[in-house]
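Visitor:
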Amino acid sequence: MARGPGLSDLDFVLSLQRECISVHVGQAGVQIGNACWELFCLEHGIQADGTFAAQTSKINDDDSFTTFFSETGNGKHVPRAVMVDLEPTVVDEVRAGTYRQLFHPEQLITGKEDAANNYARGHYTVGKESIDLVLDRIRKLTDACSGLQGFLIFHSFGGGTGSGFTSLLMERLSLDYGKKSKLEFAIYPAPQVSTAVVEPYNSILTTHTTLEHSDCAFMVDNEAIYDICRRNLDIERPTYTNLNRLISQIVSSITASLRFDGALNVDLTEFQTNLVPYPRIHFPLVTYAPIISAEKAYHEQLSVAEITSSCFEPNSQMVKCDPRHGKYMACCMLYRGDVVPKDVNVAIAAIKTKRTIQFVDWCPTGFKMHQRCHWHLKLHHTETNTLNCITNEYHNHIYGEKNLIHSIEHNTLTIYLLCKDKKNGKEILNFICSATERT
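Going letter by letter, the sequence shown gives residues 1 to 439 in the UniProt record's numbering.
#1: Under 8 angstroms by Cβ, that's how I've got Thr308 and Ile250 pegged, so tell me the actual separation to the nearest angstrom.
#2: With which residues is Lys182 paired in a DSSP beta bridge?
#3: Any contact of the segment 323-332 with the segment 289-300, i.e. 3+ C-beta pairs under 8 angstroms?
#4: Between the segment 182-197 and the segment 210-225, do three or more beta carbon pairs fall short of 8 angstroms?
#5: When burial is assigned at 16 or more other CB atoms within 10 Å of the CB, is Ala35 buried or exposed?
#6: Have a look at the DSSP bridge pairing and note the partners of Ile187.
#7: Below 7 angstroms CB to CB, which residues in the same chain sit around His123 once its five sequence neighbours on both sides are set aside?
#8: Using only the alpha-carbon positions, how far apart do His282 and Ser70 sit?
#9: For Leu133, count neighbouring Cβ atoms within 10 angstroms of its own Cβ and tell me buried if that reaches 16, exposed if not.
#10: Is Arg18 helix, strand or coil when you go by DSSP?
#11: Tell me the residue span of the beta strand (DSSP E) that contains Pro79.
#12: What's the call for His410, buried or exposed, on a 16-neighbour Cβ count within 10 Å?
#13: Helix, strand or coil for Gln249, going by three-state DSSP, please let me know.
#14: Can you tell me the Cα-Cα spacing of Gly111 and Val339, whole angstroms?
#15: Buried or exposed for Trp362, please, with buried defined as at least 16 other CB atoms from any protein chain shown within 10 angstroms of its CB.
#16: Quick check: the Cα distance between Gly26 and Ser146, rounded to an integer number of angstroms?
#17: Assign Gln272 to one of three DSSP states: helix, strand, or coil.
#18: Write down the C-beta distance between Glu43 and Ser248 rounded to the nearest angstrom, noting that I regard them as a contact closer than 8 angstroms.
#19: So Ser22 and Arg95 are supposed to be a Cβ contact under 8 angstroms. How far apart are they, rounded?
#20: Could you have a look at Glu129 and say whether DSSP puts it in helix, strand or coil?
#21: Exposed or buried, what is Lys182 when buried is set at 16 or more other beta-carbons lying within 10 Å of its beta-carbon?
#22: Indicate whether His24 and Val78 have their beta-carbon atoms separated by less than 9 angstroms.
#23: When we look at the beta-carbon of Ser303 and count the other beta-carbons within 10 Å, is it buried (16 or more) or exposed?
#24: In angstroms with no decimal places, state the Cα-to-Cα distance between Tyr335 and Phe260.
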């Protein structure tokens, strides 16, 4: 890389230290990863075998994509990623898929027995057998980095591997890599779209375990994504492929400033700085706009003000909750496209004038803006009521339906609920303990 004008030796060295390693855990994490890397390759002009397309190689003079890809001696680009699942079915789809030549075989890790939607199996028994191998593969990726920024971790809160193994992995990453940033992209269970009755238990356990080891967690729930696909994209029966590709667009927008060169680039620590007022309150609510179908895209022209305004509508949220019941602590807006700063300032001023959203008293103007290219993404962080309204709904469902928990194999598991209603939390904890004793 040629040194830019006016860069000191230190600035030049620091500009190179931007690598990010993605870790995809469990079925949800691997399938989202498959969609994300397909999109990243399309955005950077990289073909399915890892080589540049002929027309791209001639004009590509931006090597910022090396934050996510490493280059081999023969010109092939390999994702800085590890995909791991405790059973082989989902990872085998990647091994046999269109992008099978993109990934290094050692980066695709599988076990022989899954976690059976059981947090304890993923964390304490089956997962414990695979953790050293996964950490060894991650160590090899970090050794190939000139300056590691941190980790992006993709998983679900409801699955056994996504919850149990991820929490074990994040504990070990904190131990091995100290203060390197760890950002989560997590699928949170939705009450109307559930694959297992024990999803709420897994979610409670992994939220508690990872709370001290995650710097920022972007949450998505399947119910909100389903509704967006039906309402905005005119897909009558959305598949997981549709959901994952929508999620990949969100991930692409968040990471665009890491993968493309620009004056307003952000690094992983900046997300934490802008969106996390207190370390334990690190669950931003993601919204994305505009989301329109391919048929309508060529017939509509949206202004910056309209796009910005739509970001504060519940229909654009990736989680089904109502932030109007709380107050905003911070708001980070990322624009992609031919966006003029003046238009952005006008749009923000209009929102402030309407007083459609309320900020906490100690941060009355908590907006942060960045610009890259093409689409528009907005992240905002609400009061803890947002997380409470999600968790309380599941807690009520568990307690009301008296669903029995899967047999938990470790006697020292402890549950701390992230809700303000301490009495309700104790009742649920007592119920789970009594259910465990009966099993």
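Note that beta-carbon positions come from the ideal geometry of N, C-alpha and C, so glycine has one too.
Every value quoted in this text rests on a predicted model; they were computed, and no experiment measured them.
Guide: Once the coordinates are examined:
#1: The beta-carbon distance between Thr308 and Ile250, rounded to whole angstroms, is 17 angstroms. This is too long to meet the 8 angstroms contact definition.
#2: Phe151
#3: no
#4: yes
#5: Per the 10 Å Cβ criterion, buried.
#6: Ser156, Val220
#7: Gly164, Phe165, Ser167, Leu168
#8: Roughly 30 angstroms separates the two Cα atoms.
#9: exposed
#10: coil
#11: 77-79
#12: Reliability fails at His410, whose pLDDT of 37 lies under 50, so the model's placement of it is uncertain and the value that follows must be treated cautiously. Exposed, because fewer than 16 other Cβ atoms sit within 10 Å of the Cβ of His410.
#13: helix
#14: 47 angstroms
#15: Burial call: exposed.
#16: 29 angstroms
#17: helix
#18: Wrong, their Cβ atoms sit about 10 angstroms apart, outside the cutoff.
#19: Not confirmed; about 17 angstroms, so no contact.
#20: helix
#21: Label assigned to Lys182: buried.
#22: In this structure, His24 keeps its C-beta atom at 9 angstroms or more from the C-beta atom of Val78.
#23: exposed
#24: 13 angstroms
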